[in-house]
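A.B. asks: My questions will all concern the structure given below.
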Amino acid sequence: MTPGERALAHVRALFPSGGPVPGTPITVNFHPDRPLADGRTVIEHLAVDGVYRTQYETGISNGGLGGDRPRWEQRMFGDSGSRPVYGALNLAGHPDGAAPRFGSCHLELRAHCLERATFSLGDSYTEPTILGTAGTFGAVWEGLLAQVTRTGNAVGVSASGTDQWVAALGVPRTQAGRALDDYVEAQVHDGLTLSADVAAVVADPSFRGTAYERHLRALGLPLRWHGGFRLPAGEFPDELRGPQAVALGRRIAARYGEQVLDAAVLGRAARDGDHPQLIKYLWHILVLKGRPT
Numbered sequence: 001m002t003p004g005e006r007a008l009a010h011v012r013a014l015f016p017s018g019g020p021v022p023g024t025p026i027t028v029n030f031h032p033d034r035p036l037a038d039g040r041t042v043i044e045h046l047a048v049d050g051v052y053r054t055q056y057e058t059g060i061s062n063g064g065l066g067g068d069r070p071r072w073e074q075r076m077f078g079d080s081g082s083r084p085v086y087g088a089l090n091l092a093g094h095p096d097g098a099a100p101r102f103g104s105c106h107l108e109l110r111a112h113c114l115e116r117a118t119f120s121l122g123d124s125y126t127e128p129t130i131l132g133t134a135g136t137f138g139a140v141w142e143g144l145l146a147q148v149t150r151t152g153n154a155v156g157v158s159a160s161g162t163d164q165w166v167a168a169l170g171v172p173r174t175q176a177g178r179a180l181d182d183y184v185e186a187q188v189h190d191g192l193t194l195s196a197d198v199a200a201v202v203a204d205p206s207f208r209g210t211a212y213e214r215h216l217r218a219l220g221l222p223l224r225w226h227g228g229f230r231l232p233a234g235e236f237p238d239e240l241r242g243p244q245a246v247a248l249g250r251r252i253a254a255r256y257g258e259q260v261l262d263a264a265v266l267g268r269a270a271r272d273g274d275h276p277q278l279i280k281y282l283w284h285i286l287v288l289k290g291r292p293t
């Protein structure tokens with residue numbers, strides 16, 4: 001058995017509750033313009049290698065690389081040795097992907113990737129206790145319905161009851177879901193290659209007409225654009241991620257002469273060495289408060 005097959009078997013044994021996963025794609029959100037150790041960006045590596053690397057290989061994470069996540073992987077996947085690619089199940093068909101926290105663009109995976117993925121109700125960084133697979137998704141689904149009953153919302157979709165929520169999942173969407181912290185995480189095992197596993201790439205419109213658009217097209221995949229997120233630097237609120245992030249946003253705007261911040265401007269600041277955690281916070285605010293391009 002491969003490490004991924006061992007991980008899947010381990011999760012099936014822990015969570016045998018039946019019920020197939022809904023036939024919606026996994027999305028893998030990423031920032032295409034972030035630099036790696038050799039100076040090349042994420043999208044340049046993707047275009048050359050044709051392989052999506054795990055966060056442990058790239059050293060880039062919007063969650064965490066150490067501490068809680070490896071312990072959770074050990075507990076949930078046993079001694080499989082699997083280090084998965086992390087994405088999220090796009091149950092609601094959000095144009096900005098199921099987990100925009102992790103990037104302005106996303107890969108939309110082919111349906112067969114569902115069969116070699118495990119799923120958790122919540123991000124693994126929080127050490128969730130409810131998991132499933134494509135064939136044993138029952139516990140995750142019941143957890144989602146319980147969340148709707150409790151809060152009236154799950155995966156960025158609000159409804160007055162569970163029946164209404166299930167119906168709402170099937171409504172086509174053109175507006176961003178902005179599901180920053182509310183998603184079913186997908187752990188895709190045994191690697192991810194663009195040619196075999198990815199159906200399309202969906203990009204932020206701030207990259208139109210730039211070198212990053214050329215790199216995105218060089219992937220050889222259908223390219224779509226979502227609505228994007230833009231917000232004047234003076235409209236970033238202090239209360240979401242603190243005054244330090246907001247102050248950095250204003251400095252970035254002044255430095256580049258760009259009074260409206262978007263994904264491309266934040267990427268430029270990241271490449272120029274601005275504080276990575278504060279850049280992440282600015283991106284979170286853009287997702288929550290930004291207006292479409």
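So in full-length UniProt numbering, spot 145 of the sequence shown is number 145, and the numbers just go up one at a time.
Yeah, the Cβ is synthetic: ideal placement off N, Cα and C, and Gly gets one too.
Assign Thr-96 to one of two classes, buried (16 or more other C-beta atoms within 10 Å of its C-beta) or exposed (fewer than that).
C.D. replies: A quick correction: the sequence has Asp, not Thr, at residue 96. With 16 or more Cβ atoms within 10 Å of its Cβ, Asp-96 is classed as buried.
A.B. asks: Is Glu-115 buried or exposed, if buried means 16 or more other CB atoms sit within 10 Å of its CB?
C.D. replies: exposed
A.B. asks: By Cβ distance below 6 Å, which residues in the same chain neighbour Pro-128 in space, the five residues on each side in sequence not counted?
C.D. replies: Ser-120, Leu-121 and Gly-122
A.B. asks: Kindly list the residues whose CB is nearer than 8 Å to the CB of Arg-224, restricted to its own chain and excluding five residues on each side of it in sequence; keep chain order.
C.D. replies: Ala-200, Val-201, Val-202 and Ala-203
A.B. asks: Our contact map puts Val-140 next to Val-85 with C-beta atoms below 8 Å; I'd like the distance itself, whole angstroms only.
C.D. replies: Incorrect: roughly 19 Å between the Cβ atoms, too far for contact.
A.B. asks: Kindly provide the ranges of any alpha helix (DSSP H) runs that are 4 or more residues long and lie completely inside the segment 1-54, ordered along the chain.
C.D. replies: If we require 4 residues or more, the alpha helix (DSSP H) runs fully inside the segment 1-54 come out as 3-14 and 42-49.
A.B. asks: Within 10 angstroms of its Cβ, does Glu-239 collect 16 or more other Cβ (buried), or is it exposed?
C.D. replies: exposed
A.B. asks: Could you tell me the boundaries of the alpha helix (DSSP H) in which Gln-164 lies?
C.D. replies: 162-169
A.B. asks: Taking the beta strand (DSSP E) that Val-188 falls in, what are its first and last residues?
C.D. replies: 184-188
A.B. asks: Write down every uninterrupted run of the alpha helix (DSSP H) in the segment 93-175 whose length is 4 residues or greater and which is fully enclosed by it, in chain order.
C.D. replies: Here the runs fully enclosed are 138-151 and 162-169.
A.B. asks: Could you pull the DSSP bridge partners for Gly-87 from this structure?
C.D. replies: Ala-186
A.B. asks: Going along the chain, which residues of its own chain have a beta-carbon closer than 6 Å to the beta-carbon of Pro-32, five neighbours each way excluded?
C.D. replies: If we look at Pro-32 and ignore the five residues flanking it on each side, its Cβ neighbours are Val-42, Ile-43, Cys-105 and Tyr-212.
A.B. asks: Given this structure, state the Cα-to-Cα distance separating Ser-160 from Ala-98, to the nearest angstrom.
C.D. replies: 22 Å
A.B. asks: Applying the criterion that 16 or more other CB atoms from any shown protein chain within 10 Å of the CB defines a buried residue, is Thr-193 buried or exposed?
C.D. replies: exposed
A.B. asks: Taking all protein chains shown into account, decide if Ala-92 is buried (16 or more other Cβ within 10 angstroms of its Cβ) or exposed.
C.D. replies: By the 10 Å Cβ count, Ala-92 comes out buried.
A.B. asks: Check Arg-291 in the structure and name its three-state DSSP category.
C.D. replies: strand
A.B. asks: Are Ser-17 and Glu-142 closer than 9 Å when you measure CB to CB?
C.D. replies: Yes, the Cβ-Cβ distance between Ser-17 and Glu-142 is below 9 Å.
A.B. asks: DSSP three-state label for Ala-218, please.
C.D. replies: coil
A.B. asks: Considering just the uninterrupted stretch of the alpha helix (DSSP H) at Arg-224, what are its terminal residues?
C.D. replies: Arg-224 -> not in any alpha helix (DSSP H); beta strand (DSSP E) instead, spanning 223-225.
A.B. asks: Classify Val-48: buried if its beta carbon has 16 or more other beta carbons within 10 angstroms, exposed otherwise.
C.D. replies: exposed
A.B. asks: Would you kindly check if the distance between the Cβ of Leu-248 and the Cβ of Leu-278 is under 9 Å?
C.D. replies: Yes. Within cutoff.
A.B. asks: Name, in chain order, the residues that DSSP records as bridge partners for Thr-193.
C.D. replies: Val-51
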